[in-house]
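Just below is one structure, and these are the notes that go with it.
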């Protein structure tokens, strides 16, 4: 899975037996957990959407286990904030590939209001993202209609 917008790229599958064996050692990703890229395009979040089996072996993915202390979408949005982006720029190791480590993640200052406030803010931004997605689809449809009309206008 790509971390940006949860888009899927190449999938790899493992057997259920191997999944269970590996999960006993490393734990299972659960709905509401957050994965954050730690190498390359650092700091990009992904919310685990459900409890379907999902396993990752990538050492450059940082796993934030949601134990009910934060609202997933609130924290997801934090990773796009100018505050975080500026902080990330000041601390990430840059060489050939930028890195953001689990230690740096643990030391990242995050202002967490009450869970109820996080929920309201998170749901508000989630609604905005959904609205933007709907309008983007409509805009894409209108561009297709425009293209069709222009192609057929001078036949």
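Numbering (my numbering), first residue to last: -5 to 149.
Cβ atoms here follow ideal geometry from the backbone N, Cα and C, with glycine treated the same way.
query: Does the beta-carbon distance from residue 26 to residue 80 come in below 7 Å?; result: no
query: Quick one: give me the first and last residue of the alpha helix (DSSP H) that residue 70 is part of.; result: 66 to 72
query: Could you give the distance in angstroms between the alpha-carbon of residue 24 and the alpha-carbon of residue 145?; result: 48 Å
query: For residue 51, which option in 64, 38, 31 and 67 has the closest C-alpha, if you only look at C-alpha atoms?; result: 31
query: From what residue to what residue does the alpha helix (DSSP H) around residue 115 run?; result: 109 to 147
query: Flag this pair as yes or no: are the beta carbons of residue 55 and residue 82 separated by less than 7 Å?; result: no
query: Sorted by chain position, which residues of the same chain lie with C-beta nearer than 8 Å to residue 42's C-beta, five sequence neighbours on each side aside?; result: 23, 24, 25, 26, 27, 28, 29 and 48
query: In three-state DSSP terms, what is residue 76?; result: helix
query: For residue 65 and residue 112, which I take to be in contact (beta-carbon distance under 8 Å), what is that distance rounded to the nearest angstrom?; result: 4 Å
query: Strictly by DSSP, which residues pair up with residue 39?; result: 30
query: In angstroms, rounded to a whole number, what distance separates the CA positions of residue 39 and residue 67?; result: 10 Å
query: Where does residue 36 land, buried or exposed, given buried means 16+ other C-beta within 10 angstroms?; result: buried
query: Residue 55 by DSSP, collapsed to three states: which one?; result: strand
query: Just to check my reading of the structure: residue 71 and residue 119 have Cβ atoms closer than 8 Å, yes? What is that Cβ distance to the nearest angstrom?; result: 5 Å
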